[in-house]
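Student:
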Amino acid sequence: MDTALQTPHDNLDIRSIKTIHDYDLLITKDTKLRADIVGSKKDVQAFIAAAGTLHSVTEVLNEKHIRGTISTTSSHLKVFKHKTYNEAQVIANDRGQVMACLQGSEGYLDELKQKTEDGSSDQIVYTETPFFDCFRPSHEVFDFLDTLVQQNLQFMTKFDNVSVTYEGRAIPGFRISTTLNATKASSPEKRTLYMQALLHAREWQAGAATLYAMASMLDDLRAGDEAALRIFDKLDWYFVPIVNVDGYQYTWEVDRMWRTSRHLVEVHGHKVGVDLNRNWPPEDYFNQDPSIVNGETYPGAYPLSEQSAAGLFHFITSLKSLSGILDMHAFGSQVLRPFSNQPGSGDEPFGLRMQTLGNSVRNALSTKEDVQYTSETGAHLYKAYGCFDDGMFLHYNLTVPVLTIEMQGADFVAPQSSIRPVGKNIYLGLRQFAHEALEYRKFIVKEGYADTFDRLSHL
Numbered sequence: 001m002d003t004a005l006q007t008p009h010d011n012l013d014i015r016s017i018k019t020i021h022d023y024d025l026l027i028t029k030d031t032k033l034r035a036d037i038v039g040s041k042k043d044v045q046a047f048i049a050a051a052g053t054l055h056s057v058t059e060v061l062n063e064k065h066i067r068g069t070i071s072t073t074s075s076h077l078k079v080f081k082h083k084t085y086n087e088a089q090v091i092a093n094d095r096g097q098v099m100a101c102l103q104g105s106e107g108y109l110d111e112l113k114q115k116t117e118d119g120s121s122d123q124i125v126y127t128e129t130p131f132f133d134c135f136r137p138s139h140e141v142f143d144f145l146d147t148l149v150q151q152n153l154q155f156m157t158k159f160d161n162v163s164v165t166y167e168g169r170a171i172p173g174f175r176i177s178t179t180l181n182a183t184k185a186s187s188p189e190k191r192t193l194y195m196q197a198l199l200h201a202r203e204w205q206a207g208a209a210t211l212y213a214m215a216s217m218l219d220d221l222r223a224g225d226e227a228a229l230r231i232f233d234k235l236d237w238y239f240v241p242i243v244n245v246d247g248y249q250y251t252w253e254v255d256r257m258w259r260t261s262r263h264l265v266e267v268h269g270h271k272v273g274v275d276l277n278r279n280w281p282p283e284d285y286f287n288q289d290p291s292i293v294n295g296e297t298y299p300g301a302y303p304l305s306e307q308s309a310a311g312l313f314h315f316i317t318s319l320k321s322l323s324g325i326l327d328m329h330a331f332g333s334q335v336l337r338p339f340s341n342q343p344g345s346g347d348e349p350f351g352l353r354m355q356t357l358g359n360s361v362r363n364a365l366s367t368k369e370d371v372q373y374t375s376e377t378g379a380h381l382y383k384a385y386g387c388f389d390d391g392m393f394l395h396y397n398l399t400v401p402v403l404t405i406e407m408q409g410a411d412f413v414a415p416q417s418s419i420r421p422v423g424k425n426i427y428l429g430l431r432q433f434a435h436e437a438l439e440y441r442k443f444i445v446k447e448g449y450a451d452t453f454d455r456l457s458h459l
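Residue numbering for the sequence shown follows full-length UniProt numbering, beginning at 1 and increasing consecutively.
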């Protein structure tokens, strides 16, 4: 499998890789794996051959592309061609269903805004509104969030431009807090958590789950939920729900499977976008192995070459008392911790602490027999350089925990009926992450690492 992953393929997308055995066991060269891949027929077959798989199941896509699952099991090599999976038809069907949902829920936002004017917004439960019946384009997302701000001035505020995209669109951020109106003298010292989604444009479910989590927090605070209030007594949350605004809009208007930014660069005769999850510092770990770069993982010319990433980096690093960072993706049911650019989770005692943190979040997310998450480092899947989680974890010298959550699902095209169930599950994971981040901070302070970042940043 390592050989297959390290061999470049221009037309191959490795969508998920999981261990088959107990995910708490150490990964070794004999570990059994299962991968979900999509690409040209030639590249998928080459990948399967390089991986030395003993079992392979593929689905034909119009004889041009195939989607397959490969695994290193003990059975003899078999290749089954079964039900047709026509990706173009899947996307077309989904677009029709999404448009029907959008049309069927027209007017919901006007009704929501009207409740602001007539003073009846206190009765709203945001997670039950029609907004979460459908996936929503970016202009509806931001209109909805603006309405939430107006109806919750005591809890929520907006940052109009935490960064800007290649095409000049604003990237807004949001803060949810119970002390927005407190004076500096009376405000308690609180820690900060940061969460973002849609670095990769096609991962709509990641964005929807982030929005659902934000709405859930407001619902709980408005209802006086004691557990939520205890969290917010100690923490403020910051959100950037759509990082790749250009790419996200492009998935609505042109190519549903678009992943990267819309900053197109010519690479080996092909126009490719910059992968915003490969554009992060430090330079020592940036694009260290160009042979593993393909048309969907081009990292850009240098760390933070993309103005959206540079602006976001400035925003995150300006947050005071930062104690945890989450990056939301889809799909794969995985809680991933650094590193992807090197083995392990970092020098001890940080590595073991991060493993414990990741496992706790995994347990919170694994709510049903058919919803089971794994917890592992990014490098246990495949090596990658310039990833957001690695960059931020290294920037803070391992003193601020960073996780990537690949939420449950089987495809980038997810049914709209899954928005609420997945969102509810993710919210449980966020609550656990908040608890674990505070515990990690206690460990940092107790062991005398609290000023590590401050000292090193002034060298």
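Positions of the beta carbon are idealized from the N, C-alpha and C atoms, including for glycine.
For residue 446, report the span of its alpha helix (DSSP H) as first-last.
Tutor: Run containing residue 446: 419-446, per the alpha helix (DSSP H) assignment.
Student: Which same chain residues, not among the five before or five after residue 287, have their C-beta less than 8 Å away from its C-beta?
Tutor: Excluding residues within five positions, the ones whose Cβ falls inside 8 Å are 278, 293, 299, 385 and 386.
Student: Flag this pair as touching only if the region 342-359 and the region 398-405 have three or more C-beta atom pairs under 8 Å; answer yes or no.
Tutor: Segments in contact, yes.
Student: Assess, as a yes-or-no matter, whether the region 306-324 is touched by the region 358-367 under the definition of 3 or more beta carbon pairs within less than 8 Å.
Tutor: No contact exists between the region 358-367 and the region 306-324.
Student: Tell me the rounded alpha-carbon separation between residue 99 and residue 349.
Tutor: Those two C-alpha atoms are separated by around 51 Å.
Student: Who are the near neighbours of residue 442 in its chain, counting only those whose CB is closer than 6 Å to its CB and skipping five residues on each side?
Tutor: Taken in chain order, the list of residues that qualify is empty.
Student: Under the rule that 16 or more other beta-carbon atoms within 10 Å means buried, what is residue 425, buried or exposed?
Tutor: Buried, by the Cβ-count rule.
Student: Step through the CB atoms of chain C and report whether any lies within less than 8 Å of the CB of residue 405.
Tutor: The structure shown contains no chain C; it holds only a single protein chain.
Student: How about residue 165: is its Cβ closer than 7 Å to a heavy atom in the ligand PLP?
Tutor: Looking at this structure, you won't find the ligand PLP or any other ligand, since it has none at all.
Student: By Cβ distance below 6 Å, which residues in the same chain neighbour residue 231 in space, the five residues on each side in sequence not counted?
Tutor: For residue 231, where only same-chain residues beyond five positions count, the Cβ hits under 6 Å are 434.
Student: Determine, using beta carbons only, whether residue 178 and residue 319 come nearer to each other than 8 Å.
Tutor: No, Cβ-Cβ distance for residue 178 and residue 319 is not below 8 Å.
Student: Taking the C-alpha atoms as reference points, what is the distance between residue 101 and residue 134?
Tutor: Roughly 6 Å between the two C-alpha positions.
Student: Taking C-alpha atoms, which residue in 444, 343, 118 and 437 lies nearest to residue 397?
Tutor: Residue 444 is the option with its Cα nearest to residue 397.
Student: So residue 252 and residue 137 are in contact, right, with Cβ under 8 Å, and what is the actual spacing, rounded?
Tutor: Residue 252 to residue 137, Cβ: 5 Å. Contact.
Student: Could you tell me the boundaries of the alpha helix (DSSP H) in which residue 90 lies?
Tutor: From DSSP, the alpha helix (DSSP H) with residue 90 extends over 87-104.
Student: Between residue 413 and residue 14, how many whole angstroms is the CB-CB distance? I'm expecting something under 8 Å.
Tutor: Not quite, the Cβ-Cβ distance comes to about 17 Å (not below 8 Å), so this is no contact.
Student: Buried or exposed for residue 194, please, with buried defined as at least 16 other CB atoms from any protein chain shown within 10 angstroms of its CB.
Tutor: With 16 or more Cβ atoms within 10 Å of its Cβ, residue 194 is classed as buried.
Student: Between residue 242 and residue 197, is the Cβ-Cβ spacing less than 8 Å?
Tutor: The answer is yes: Cβ separation under 8 Å.
Student: In angstroms, rounded to a whole number, what distance separates the CA positions of residue 332 and residue 223?
Tutor: Their backbone Cα atoms lie some 33 Å apart in a straight line.
Student: Compare the Cα-Cα distances from residue 410 to each of 372, 436, 283 and 427 and report the closest residue.
Tutor: Residue 372 is the option with its Cα nearest to residue 410.
Student: Can the beta-carbon of residue 116 be found less than 8 Å from the beta-carbon of residue 147?
Tutor: A contact, by the Cβ cut-off of 8 Å.
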